[in-house]
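Participant: Residue numbers (the numbering used here): 597 to 848. Glycine included, C-beta positions come from ideal geometry on N, C-alpha and C. Nothing here was measured: the structure is a model prediction, and the numbers come from that model. Sharing a structure, written as structure tokens. Questions coming.
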Amino acid sequence: MRKPVIAGNWKMYKTLAETASFIEKIKPAAEKADHCEVVVAPPFTALAAAAQAARGSKVKVAAQDVHWDKEGAHTGDIAPGMLLDAGCTHVIIGHSERRQDHGETDENVNRKVKAALKAGLIPIVCVGETLAEREGGRTQEVLACQFQGGLAGLTPSEFSRIMMAYEPVWAIGTGRTATPEMAAESHRFLREQARKAFGASEAEALRILYGGSVKPENVAALMAQGEIDGALVGGASLKAESFSAIVNYPRD
Ligand code: PGA
Numbered sequence: 597m598r599k600p601v602i603a604g605n606w607k608m609y610k611t612l613a614e615t616a617s618f619i620e621k622i623k624p625a626a627e628k629a630d631h632c633e634v635v636v637a638p639p640f641t642a643l644a645a646a647a648q649a650a651r652g653s654k655v656k657v658a659a660q661d662v663h664w665d666k667e668g669a670h671t672g673d674i675a676p677g678m679l680l681d682a683g684c685t686h687v688i689i690g691h692s693e694r695r696q697d698h699g700e701t702d703e704n705v706n707r708k709v710k711a712a713l714k715a716g717l718i719p720i721v722c723v724g725e726t727l728a729e730r731e732g733g734r735t736q737e738v739l740a741c742q743f744q745g746g747l748a749g750l751t752p753s754e755f756s757r758i759m760m761a762y763e764p765v766w767a768i769g770t771g772r773t774a775t776p777e778m779a780a781e782s783h784r785f786l787r788e789q790a791r792k793a794f795g796a797s798e799a800e801a802l803r804i805l806y807g808g809s810v811k812p813e814n815v816a817a818l819m820a821q822g823e824i825d826g827a828l829v830g831g832a833s834l835k836a837e838s839f840s841a842i843v844n845y846p847r848d
């Protein structure tokens with residue numbers, strides 16, 4: 597059984613004070629949620645404050661990016677060890693906004709995943725096609741390319757320590773969610789990639805989160821798909837009420 601993960605990607609939102617108050621507000625919902633793991637990904641400036649506020653609770657803290665070097669002359673970048681130092685357990689890698697805004701390639705993603713694993717962080721590796729790629733019938737080709745490039749050279753045991761997020765770019769921040777069936781189809785495809793590259797038991801255990809306009813109103817239908825093992829939530833993770841509702845989505 598794969599334990600679901602509900603993760604909030606705050607992107608470039610929230611000050612230190614907002615972070616501390618948000619974590620306090622979601623603690624009760626997180627404590628109630630035995631069915632899932634709860635992760636929040638604040639901006640770099642608020643990571644330590646989030647980890648401090650979350651101490652002793654089941655809320656885990658993720659960064660939104662990481663550099664692959666241990667340290668060095670990389671202005672504006674943050675090393676894996678610094679994330680650990682700030683209290684992070686997870687790190688999002690290869691989000692489509694990093695790919696778009698910062699020219700992040702699958703090769704960069706690969707180096708970051710390896711560095712994060714080496715440091716003991718859990719990578720949440722994002723993949724997903726653009727609208728043009730979907731409409732051009734290239735979804736699976738793109739996913740295969742991102743999977744193979746981003747995860748090249750990992751051992752099965754390293755692979756078993758990552759999670760993935762399928763985030764169709766056309767569904768991010770647009771209010772346009774993939775249907776549960778559409779998402780499940782891509783998740784199945786990614787799991788098949790995992791089976792071929794790393795083995796059947798590793799593929800079976802891989803948690804694949806769906807991301808792209810997840811809200812309290814659609815999370816239950818998405819989570820009802822056996823292939824969907826959680827959600828990576830942007831916009832709707834910024835308010836404690838809606839994030840709490842997503843964490844405790846209706847289950848039967
Ligand atoms: P969204 O963002 O929920 O606002 O669509 C998801 C993401 O980018 O991770």
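#1: Since residue 891 sits in a beta bridge, which residues does DSSP pair it with?
#2: Ignoring anything shorter than 3 residues, give me the beta strand (DSSP E) runs that lie fully in the segment 770 to 825, in order along the chain.
#3: Quick one: what does DSSP say residue 599 is sitting in, helix, strand or coil?
#4: Consult DSSP for residue 690 and reduce its assignment to one of helix, strand or coil.
#5: To the nearest angstrom, how far is the alpha carbon of residue 758 from that of residue 613?
#6: Please specify which runs of the beta strand (DSSP E), each continuous and at least 3 residues long, are wholly inside the segment 652 to 717, giving them in chain order.
#7: Are there any heavy atoms of the ligand PGA lying less than 6 Å away from the beta-carbon of residue 795, as far as the coordinates show?
#8: Taking only the alpha-carbon atoms, compute the straight-line gap between residue 719 and residue 690 and give it to the nearest angstrom.
#9: Please name the residue or residues paired with residue 754 in a DSSP beta bridge.
#10: List in chain order: all unbroken alpha helix (DSSP H) runs of 4+ residues lying wholly within the segment 611 to 649.
#11: Tell me, to the nearest whole angstrom, how far the beta carbon of residue 774 is from that of residue 808; I am working on the premise that it is less than 8 Å.
#12: Using C-beta distances below 7 Å, list every residue in its chain close to residue 670, excluding the 5 sequence neighbours before and after it, in chain order.
#13: Give the DSSP-derived three-state secondary structure of residue 842 in the structure shown.
#14: Does DSSP put residue 767 in a helix, in a strand, or in coil?
#15: Alpha carbons only, please: which of 742, 767 and 713 is nearest the one belonging to residue 666?
#16: Can you list, in chain order, the residues of its chain whose CB lies under 7 Å from that of residue 752, leaving out five sequence neighbours each side?
#17: CB of residue 815 to nearest heavy atom of the ligand PGA: below 6 Å?
#18: In the DSSP output, what is residue 604 paired with across the bridge?
#19: Measuring CB to CB, does residue 820 end up less than 7 Å from residue 845?
#20: Where do the N-terminal and C-terminal ends of the alpha helix (DSSP H) with residue 730 fall, by residue?
#21: Which residues bound the alpha helix (DSSP H) around residue 739?
#22: Quick one, are the C-beta atoms of residue 601 and residue 818 less than 7 Å apart?
#23: Nearest CA to the CA of residue 648: which residue from 631, 683, 625 and 829?
#24: Could you check if residue 844 belongs to the surroundings of the ligand PGA, using beta carbon to heavy atom distance under 6 Å?
#25: May I ask you to check if the CB of residue 838 is nearer than 6 Å to at least one heavy atom of the ligand PGA?
Facilitator: Put simply:
#1: No information on residue 891 is available, as it lies outside the stretch 597 to 848 that the chain covers here.
#2: 804 to 807
#3: coil
#4: coil
#5: 31 Å
#6: Within the segment 652 to 717, the complete beta strand (DSSP E) runs of at least 3 residues are 655 to 659 and 686 to 689.
#7: No; taking the cut-off as 6 Å, the Cβ of residue 795 has no heavy atom of the ligand PGA nearer than that.
#8: 10 Å
#9: The partner list for residue 754 (beta bridge, DSSP) is empty, contrary to what the question assumes.
#10: 612 to 628
#11: 6 Å
#12: Contacts found: 663.
#13: helix
#14: In the structure shown, residue 767 adopts helical secondary structure according to DSSP, grouped into three states.
#15: Checking every option, the nearest Cα to that of residue 666 belongs to 713.
#16: 794, 795 and 798
#17: no
#18: 636 and 829
#19: Their beta carbons are not under 7 Å apart, which means residue 820 does not touch residue 845 by this criterion.
#20: Boundaries of the alpha helix (DSSP H) harbouring residue 730: 727 to 731, taken from the DSSP string.
#21: 735 to 746
#22: no
#23: 683
#24: no
#25: no
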